[in-house]
Amino acid sequence: MNDKHTTLAASTGTSRRANRLNTSTAIVMMASVFGVLSSGTAWSAEPDGFQYLGRLNGGGYSYAYAISADGSVVVGSAGDGNSGNRQRAVRWSGASNSIVSLGTLNGGHTSMAFAVTADGSVVVGYASDGNIGNEGRAFRWTEASNTMVSLGTLNGGDYSYAMGVSADGKVVVGYATDGNVGNHSRVAFRWTEESNTMVSLGTLNGGAFSYANGVSADGKVVVGYATDGSVGHVSRAFRWTEASNTMVSLGTLNGGAFSYANVVSADGSVVVGYAGDGSVGNANRAFRWTEASNTMVSLGTVNFGSESIATGVNADGSVVVGHSADGNAGNLRRAFRWTDATGMISVEDWLRNNGVTVASDFTNSAGGVSADGSVIVGETSTGAAFLARVASTGSGIIDMNEFAGSLAAKPTANVGLNFAGTVLNGAHGE
Numbered sequence: 005m006n007d008k009h010t011t012l013a014a015s016t017g018t019s020r021r022a023n024r025l026n027t028s029t030a031i032v033m034m035a036s037v038f039g040v041l042s043s044g045t046a047w048s049a050e051p052d053g054f055q056y057l058g059r060l061n062g063g064g065y066s067y068a069y070a071i072s073a074d075g076s077v078v079v080g081s082a083g084d085g086n087s088g089n090r091q092r093a094v095r096w097s098g099a100s101n102s103i104v105s106l107g108t109l110n111g112g113h114t115s116m117a118f119a120v121t122a123d124g125s126v127v128v129g130y131a132s133d134g135n136i137g138n139e140g141r142a143f144r145w146t147e148a149s150n151t152m153v154s155l156g157t158l159n160g161g162d163y164s165y166a167m168g169v170s171a172d173g174k175v176v177v178g179y180a181t182d183g184n185v186g187n188h189s190r191v192a193f194r195w196t197e198e199s200n201t202m203v204s205l206g207t208l209n210g211g212a213f214s215y216a217n218g219v220s221a222d223g224k225v226v227v228g229y230a231t232d233g234s235v236g237h238v239s240r241a242f243r244w245t246e247a248s249n250t251m252v253s254l255g256t257l258n259g260g261a262f263s264y265a266n267v268v269s270a271d272g273s274v275v276v277g278y279a280g281d282g283s284v285g286n287a288n289r290a291f292r293w294t295e296a297s298n299t300m301v302s303l304g305t306v307n308f309g310s311e312s313i314a315t316g317v318n319a320d321g322s323v324v325v326g327h328s329a330d331g332n333a334g335n336l337r338r339a340f341r342w343t344d345a346t347g348m349i350s351v352e353d354w355l356r357n358n359g360v361t362v363a364s365d366f367t368n369s370a371g372g373v374s375a376d377g378s379v380i381v382g383e384t385s386t387g388a389a390f391l392a393r394v395a396s397t398g399s400g401i402i403d404m405n406e407f408a409g410s411l412a413a414k415p416t417a418n419v420g421l422n423f424a425g426t427v428l429n430g431a432h433g434e
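Numbering (the numbering used here), first residue to last: 5 to 434.
Shown next, in the form of structure tokens:
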């Protein structure tokens with residue numbers, strides 16, 4: 005659910021989802037067993053304990069980018085062994101326990117899925133369209149139709165990417181080239197089911213580019229980054245609201261050079277991402293911005309490591325997750341969990357502090373967190389996704405079979421997952 009680079013994102017400002025497009029390492033989709041839940045302890049993880057979701061028709065790789073509210077649907081992309089290992093948008097469900105290709109647009113070459121709705125029934129992403137010379141198009145796929153539909157472009161532009169979707173699937177955000185301002189220009193867009201139209205969100209003070217990365221649960225708040233024409237076209241995190249119809253810069257950290265917003269809380273009032281911190285030589289620092297304070301605050305790093313990036317936030321914005329260089333481990337990357345009470349700590353230390361036995365550090369990054377902050381999902385240092393929890397009863401790291409199996413038993417237990425304003429159900433809430 006994160007970029008798969010071995011180093012932290014560079015200050016050039018590549019977004020967390022855009023990083024995924026450049027990934028060359030084959031990553032398994034939601035491979036997860038780190039132990040079995042018992043009363044407050046987790047079993048040691050062994051390589052043969054992982055459950056892989058597999059590959060597509062014997063293809064060479066697969067990637068997981070997003071998970072539905074209840075954890076029963078995973079979307080991403082995979083090399084299709086039946087198509088010369090070409091990349092395909094894929095959807096895995098606990099019900100079928102298999103990866104299924106969502107196809108392409110009109111026989112196009114490639115496709116990738118980046119986001120999924122709360123119930124897993126709507127998927128959005130990017131696909132090349134065979135009817136127009138394999139130009140890239142944002143798509144929206146629905147379970148009801150089992151069909152990938154192009155969302156078009158902005159004013160006849162060359163291509164479009166869908167990066168986020170509202171909880172109900174009726175609002176899609178991303179970026180596209182705008183034919184009215186030259187196809188070299190990439191602009192954030194917002195598409196609604198009601199209008200069936202892609203609308204530009206503009207740029208900051210006449211800047212050249214803008215990218216939408218995340219959207220609130222109701223689709224009325226969009227966050228991302230844009231070049232700001234008033235400061236030499238340097239990238240700035242932005243927040244756009246339907247009420248104002250205006251893109252507003254969130255500023256920088258201590259006079260730093262750049263900032264990028266990745267995700268937003270359910271109600272749109274808390275934004276997290278990363279920025280160059282002017283007080284530490286513009287090194288990347290995870291930040292948290294609140295509507296109440298209108299201020300971007302650094303969340304620090306793990307054990308005074310060199311960099312950090314925030315990629316997820318819980319429903320009320322009180323828990324932030326992401327990845328950080330760990331100063332106690334030679335700046336190796338670790339998943340982190342931040343709260344005002346604990347500061348930034350590794351996910352391993354969060355588990356240990358709550359009575360979970362963790363023999364050795366294993367995480368690489370965290371991509372999402374539940375509404376109450378008790379469940380974190382991410383990727384291990386060996387390229388396998390994990391799910392970790394600390395709850396009132398039973399703490400540890402649970403496998404996806406156990407998690408998915410609990411959904412049927414507890415269909416009404418709900419907590420929110422930050423990705424696309426989704427909601428997570430199941431045993432983690434017990």
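We put the beta carbon where it would ideally sit given N, CA and C, even for glycine. If you're wondering where the values come from, they're calculated on a predicted model, not measured in any experiment.
- Judged by their CB atoms, G124 and V77 are nearer to each other than the 9 Å cut-off.
- Beta-carbon to beta-carbon, R337 and H327 are separated by about 5 Å, close enough to satisfy the 8 Å threshold.
- Counting only the Cα atoms, R240 lies some 22 Å from D271.
- By a beta-carbon distance limit of 8 Å, F213 does not contact L205. Their separation comes to about 12 Å.
- A339 is a Cβ neighbour of V351, given a cutoff of 9 Å.
- For R341, the enclosing beta strand (DSSP E) stretches over residues 336-343.
- Separation of G280 and L254 (C-alpha to C-alpha, rounded to the nearest whole angstrom) is 13 Å.
- Here DSSP, grouped into helix, strand and coil, assigns L158 to strand.
- Taking 3 residues as the minimum length, the beta strand (DSSP E) runs contained wholly in the segment 116-177 are 126-133, 139-146, 151-154, 164-169, in order along the chain.
- Taking all protein chains in view, the Cβ of V127 is crowded by 16 or more other Cβ atoms within 10 Å, so the residue is classified as buried.
- A distance of 9 Å or more separates the beta carbons of A119 and G107.
- Exclusion of the five residues before and after W195 leaves L155, V176, M202 as the residues of its chain whose Cβ lies within less than 6 Å of its Cβ.
- Each residue's CA atom was taken as its position, placing H237 and M116 some 30 Å apart.
- Taking a contact as a CB-CB distance under 8 Å, the pair L208 and T231 counts as one, their CB atoms being some 7 Å apart.
- Scanning its chain for C-beta atoms nearer than 7 Å, with the 5 sequence neighbours on each side dropped, one finds around G347 the residues G304, in chain order.
- Inter-residue distance for M251 and S369 is about 29 Å (C-alpha atoms, whole angstroms).
- Runs of the beta strand (DSSP E) lying entirely within the segment 215-273 and spanning at least 3 residues, in chain order: 225-232, 238-245, 250-253, 263-268.
- Residue pairing by DSSP puts Y278 in a beta bridge opposite Y264, A290.
- Selection D365, F366, I380 evaluated against G372 yields I380 as nearest (Cα-Cα).
- Here S378 has R393, V394, A395, H432 as same chain residues with Cβ atoms under 7 Å from its own Cβ, once five neighbours each way along the sequence are excluded.
- Around the C-beta of V301, fewer than 16 other C-beta atoms lie within 10 Å, and the residue is accordingly described as exposed.
- Listed in chain order, the alpha helix (DSSP H) elements of length 4 or more contained wholly in the segment 341-377 are 351-357.
- DSSP lists Q91 as the bridge partner or partners of G83.
- Taken through DSSP and simplified to helix, strand or coil, G331 comes out as helix.
- Short of 7 Å from the beta carbon of G259, and not among the five residues preceding or following it, lie these beta carbons of its own chain, in chain order: G282.
- One thing to note: V267 has its Cβ no nearer than 9 Å to the Cβ of V235.
- Shortest Cα-Cα distance from A319 to any of G85, R289, A345, A375 involves A375.
- T151 sits exposed, since fewer than 16 C-beta atoms from the chains shown fall within 10 Å of its C-beta.
- Non-local C-beta neighbours of A166 in its own chain, meaning closer than 8 Å and more than five positions away in sequence, comprise F118, A119, V128, G129, Y130, A142, F143, R144, L155, V176, V177, G178, W195, ordered along the chain.
- With fewer than 16 other Cβ atoms inside 10 Å of its own Cβ, D344 counts as exposed.
- When secondary structure is reduced to three states using DSSP, S302 falls in the strand class.
- By the neighbour-count definition (other C-beta atoms within 10 Å, threshold 16), S189 is a buried residue.
- Short of 7 Å from the beta carbon of N89, and not among the five residues preceding or following it, lie these beta carbons of its own chain, in chain order: G63, G64, G83.
- Around G85, the same chain offers N61, G62, G63 as residues with beta carbons nearer than 6 Å, after the five sequence neighbours per side are excluded.
- Relative to the Cα of S102, the nearest Cα in the group S263, A265, V219, R59 belongs to R59.
- Per DSSP, the unbroken beta strand (DSSP E) holding G316 starts and ends at 312-317.
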